[in-house]
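Written out below as structure tokens is the structure these notes cover.
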Amino acid sequence: MPVEDMAVRFERVSKSIGETDILDDISFEVPHGTGFSILGRRGAGKTVALKLSIGLLKPDLGRIFLNNQDITALDHRGLLAVRRSTGFVFQTSAVFDSISVAENVAFPLRCATGIPESKLRDRVRQQLDRVGLGEDSGKMPNDLSFGMRKLLGFARALASDPAILLLDDPWGGVDCVTGTLIRELLLDLKERTGTTLLFTANRITEARGLCEHLAVLDGGRLIACGSPNEVERSDHPVVRQFFLQDL
Amino acid sequence: MRHIIGLSISKSHPLFRPSFASQLWNAATGLVNFTFRTLGELLKPPWDAHEVSHQLYAIGWRSAPLILVSGVVVGVAMTKLVWTSLVNLGGVGSVIPAELARMTFREMGPLMTGLLISGRVGSAIGAELAVLRLTDQVDALESLAIDSFRYLVISRVVACVIALPILATLMSFAEISGGFLWEAAKSETSFQLYARRVFDKVEWNDYVVPTLMTAVSGFVVGTIPSFFGYTVHESAAGVRRASMYSVVFSCLFVIASHLILNALIPFLSGRSLR
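Residue numbers (our numbering), protein chains in the order written: chain Y, 3 to 249; chain H, 610 to 883.
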């Protein structure tokens, strides 16, 4: 596939934090409109890889392309501009706890689009209904459960209709009902709007059906990358463990 | 297993703590870079008017009761001290209001305001930004294509720069009012007489230049806590340190800037102050 069709591209990326190597010589490509999952155990470097993808962290070596733009060469203003086409759902939800649920969704819209207040309210309600938080719009984030805060993070990230959605462990710490809702949302996004999904997961079951490509990280190294079927054929013991766990 | 343990240990782990000298050097260079970045961004309007007004309310308006009460108490204490000392030395009681007003406008009002706001606002900014950083809310702003530095730091610094001269004025008048309360209780002086004695000898220069210079204290109180909060790396201990260093260093820098600017006032006001 030509490189122009890639939403995200890592070229020999390495990253250390302090004296610890987090990622070591990682390369992978995420085509537009597809799902790509980064699998790995805790501490494998998945979150760092995701944060590198939109320039929240800078790599020590290598280049990262977002929509064919080398973001490692961009200044802060340039980075802000390329992030307008992305949405990011944080592992910890990272919702703004000093403003209400509705304001959390309205805030990025108000900052980025400048749409009239009446339309903005409709849009916020739409997004909250989509994730099942329509009834909770007036609540403060601290009044919500962890799973609900995660859904709020979702609604906030989706508010500006991003072309690329990055999700850090979207199923982490949520109950199975919320997990299913998240899964349905992602499937709907992918099929209906062609949104590119790049997400991290701890289990292969979470990634199945949502991604055309998989990458398995272990100890900061990419130990397998390809379609789920290709990765399944890998004889690396850690990859085997992921697939055995799926049985 | 080895690499998992290895990955979980960062430089923040006590075993890998850098030396005190290198920590100090990193903090000092970090603060200098942060200050220059703040200065650079301050000169690039527009600022986020909504956030600046929100911060003005939190920093300025909500500090007013503290400033008023402290001002009156300090005014009473200062008048009592000055009165007792001067009268014991054979001084004339009628010159005390004017001398007290000059002392208040030039020194005590601006300095006390800077110190009180360092304590009240500095710790709040340091702790708030540290929590925002540690709960990924700063990264969340960035991921939404919002410049977190301008939104969080610049709006607070602008609010402090605007609020401090206003609060210093409030403090000065509260101190003078405190002086009047003591004087009225002691010698039954009328308010009109006291006000005439205060403003007879006080000139605009005694008030305008020192009060405007509190904008520098505002910059200090906005920038230093923002640095400690915005650049925090560790969890609970990081918030504690950010809050503590915010107060300690903003107080020290407020005093230092006050001393330096006071030495410069004669040059800035075009003539020496009597």
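Quick reminder that beta carbons are idealized off the backbone N, C-alpha and C, glycines included.
Treat the numbers as computed from the prediction; the structure is a model and nothing was measured.
For GLU234/Y, the enclosing alpha helix (DSSP H) begins and ends at 230-234. Neighbours of GLU708/H across chain Y, judged by C-beta separation under 9 Å, do not exist; the nearest C-beta is about 46 Å away. Within the model, the alpha-carbon separation for LEU130/Y versus ASP138/Y is close to 8 Å. With respect to chain H, the C-beta atom of LEU160/Y has no partner C-beta closer than 7 Å.
Residues of the region 90-117 of chain Y with a C-beta less than 7 Å from any C-beta of chain H: PHE90, PHE92, THR94, ALA96, PHE98, PRO110, CYS113, ALA114, listed in chain order.
GLN746, ASP748, ALA749, GLU751, SER752, LEU753, ALA754, ILE755, ASP756: these are the residues of the region 746-775 of chain H whose beta carbon lies less than 7 Å from some beta carbon of chain Y, given in chain order.
Put simply, the region 53-72 of chain Y does not touch the region 35-44 of chain Y. Fewer than three CB pairs are less than 8 Å apart. Interface criterion not met: the Cβ of LEU199/Y is under 7 Å from no Cβ in chain H.
The beta carbon of GLY181/Y sits closer than 6 Å to the beta carbons of TRP173 from its chain, once the five residues preceding and following it are set aside; these are given in chain order. GLU214/Y sits in coil when the DSSP states are folded into three classes, being neither helix nor strand. Using a CB distance below 7 Å, the part of the region 55-75 of chain Y facing chain H consists of ILE56, LEU58, ordered along the chain.
About 5 Å separates the beta carbons of VAL15/Y and ILE28/Y, which is inside the 8 Å limit, making them a contact pair. Counting only the Cα atoms, LEU219/Y lies some 24 Å from THR197/Y. VAL766/H and SER229/Y have their alpha carbons spaced roughly 51 Å apart. Using a CB distance below 8 Å, the part of the region 725-746 of chain H facing chain Y consists of THR744, ASP745, GLN746, ordered along the chain. In terms of beta-carbon proximity, LEU130/Y stays away from the interface with chain H, with every pair separated by 7 Å or more. Using a Cβ distance threshold of 7 Å, VAL685/H and TRP813/H do not count as a contacting pair. Within its own chain, the residues whose Cβ lies closer than 6 Å to the Cβ of SER852/H, once the five positions on either side in sequence are excluded, are SER732, GLY735, ALA736, listed in chain order. Under the Cβ criterion of 7 Å, LEU82/Y is counted among the residues facing chain H. When CB distances to chain H are screened at a threshold of 8 Å, not a single residue of the region 175-202 of chain Y falls below it. Look at PHE92/Y here: in three-state DSSP terms it is coil, with no helix or strand label. Taking a C-beta distance under 7 Å as the contact criterion, PHE828/H and VAL762/H do not qualify as a contact pair. For GLY827/H, the enclosing alpha helix (DSSP H) starts and ends at 823-839. Annotation for ASP26/Y: the continuous beta strand (DSSP E) segment containing it runs 22-33. Distance from the CA of ALA209/Y to the CA of ALA203/Y, rounded to the nearest whole angstrom, comes to 7 Å. Here VAL133/Y is not near LEU146/Y, since their CB atoms are 7 Å or more apart. Annotation: SER662/H is outside any beta strand (DSSP E); the continuous alpha helix (DSSP H) that includes it extends over 658-664. For ILE775/H, there is no enclosing beta strand (DSSP E); the residue is part of the alpha helix (DSSP H) that begins and ends at 764-796.
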